[in-house]
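A quick write-up on the structure given underneath.
Residue numbers (the UniProt record's numbering): 1 to 307.
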């Protein structure tokens with residue numbers, strides 16, 4: 001029997017199972033792949049103060065970071081990407097890199113650096129989920145980490161102050177949203193009829209921006225104009241996170257891994273080819289076996305005289 005899996009993550013609000021992008025990614029992928037995980041919202045006690053969320057616990061194993069957690073789930077045969085081709089797998093990696101490079105800095109700025117949003121929404125929410133005295137410390141620490149990350153990735157010389165990079169942040173983010181909207185088109189998911197890891201990442205990035213009551217956010221206004229992306233988020237929330245509607249079953253997965261499956265197909269193909277060649281040889285005139293003439297019976301001998 002497989003060990004029970006526990007997922008520690010930030011809790012939910014605004015109609016979302018979690019307000020935290022990384023936590024949403026893992027929660028969505030677990031739903032897509034059919035993985036049974038017990039969700040444990042954290043409150044940033046001293047034990048988890050220096051930890052990283054989301055964190056997946058399975059027996060004696062603890063896995064952090066969405067990419068590592070998704071890889072761990074795949075090894076447990078919870079794989080939402082098993083039907084993807086090599087090209088689709090490469091596209092998935094490219095779009096995830098695009099989200100990290102273009103959209104994440106703007107999201108960090110919207111929630112943690114924009115003064116109006118931070119004072120009226122972000123700080124009160126995270127402070128209310130942290131026990132005393134951490135409620136005075138945790139929001140400021142997370143805001144400092146967000147600002148440092150933005151300046152580290154976008155503060156290229158001579159742009160060293162956050163006010164000098166804001167325009168570039170939101171321009172890149174809007175371009176990223178436009179590309180995602182164009183790629184999704186009128187489809188329900190990015191690849192086929194079933195959600196994959198790319199859908200989990202896009203949902204994790206977009207859902208907080210879409211659902212949060214941000215007092216000031218030009219990026220949120222831009223997202224709300226891209227109706228296929230907002231419908232994408234609403235569809236996942238309705239199908240996979242609505243307690244009144246059970247989640248659709250994950251697609252049936254092959255028990256063998258991809259390499260073994262390809263090898264089996266190759267062996268079967270070669271076997272069929274050999275059988276076909278044998279049939280051709282048997283039907284060829286040159287290779288028909290020599291049939292011995294039957295010996296005449298004694299009764300047909302001309303000179304035979306019955307006794």
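For glycine and all other residues, C-beta sits at the position ideal for the given N, C-alpha and C.
All figures in this text were calculated on a predicted structure; none of them were measured in a lab.
Query, Result
"Candidates 150, 185 and 66: closest to residue 166 by CA position", "150"
"Where residue 251 falls: helix, strand or coil (DSSP)", "Bear in mind that a pLDDT of 46 at residue 251, under 50, signals an unreliable position, so the number given afterwards is only what the model happens to contain. Here residue 251 sits in coil by DSSP."
"Cutoff 7 Å; reference residue 224; Cβ partners in own chain excluding five residues on either side", "230"
"Residue 19 to residue 10 span [Cα, whole Å]", "7 Å"
"Counted within 10 angstroms of its Cβ, other Cβ atoms place residue 5 as buried (16 or more) or exposed", "buried"
"Residue 310 versus residue 78 - alpha carbon distance", "Shown here, the chain extends from 1 to 307; a query on residue 310 therefore has no answer."
"DSSP bridge partner residues for residue 58 (one or two, in chain order)", "5 and 61"
"Contact the stretch 228-242 vs the stretch 54-61: 3+ CB pairs below 8 Å", "no"
"Which listed residue (12, 179 and 220) has its alpha carbon closest to that of residue 94", "179"
"Residue closest to residue 214, alpha-carbon to alpha-carbon, out of 205, 117 and 132", "117"
"Beta-bridge partners of residue 38, as assigned by DSSP", "6"
"Reduced DSSP secondary structure (H/G/I, E/B, other) of residue 81", "coil"
"Alpha helix (DSSP H) segment containing residue 240, residue limits", "227-240"
"Coil, strand or helix - residue 13 by DSSP", "strand"
"Sufficient close CB pairs (3 or more, under 8 Å) joining the stretch 136-149 to the stretch 95-111", "yes"
"Collapsed DSSP secondary structure at residue 206 in the structure displayed", "helix"
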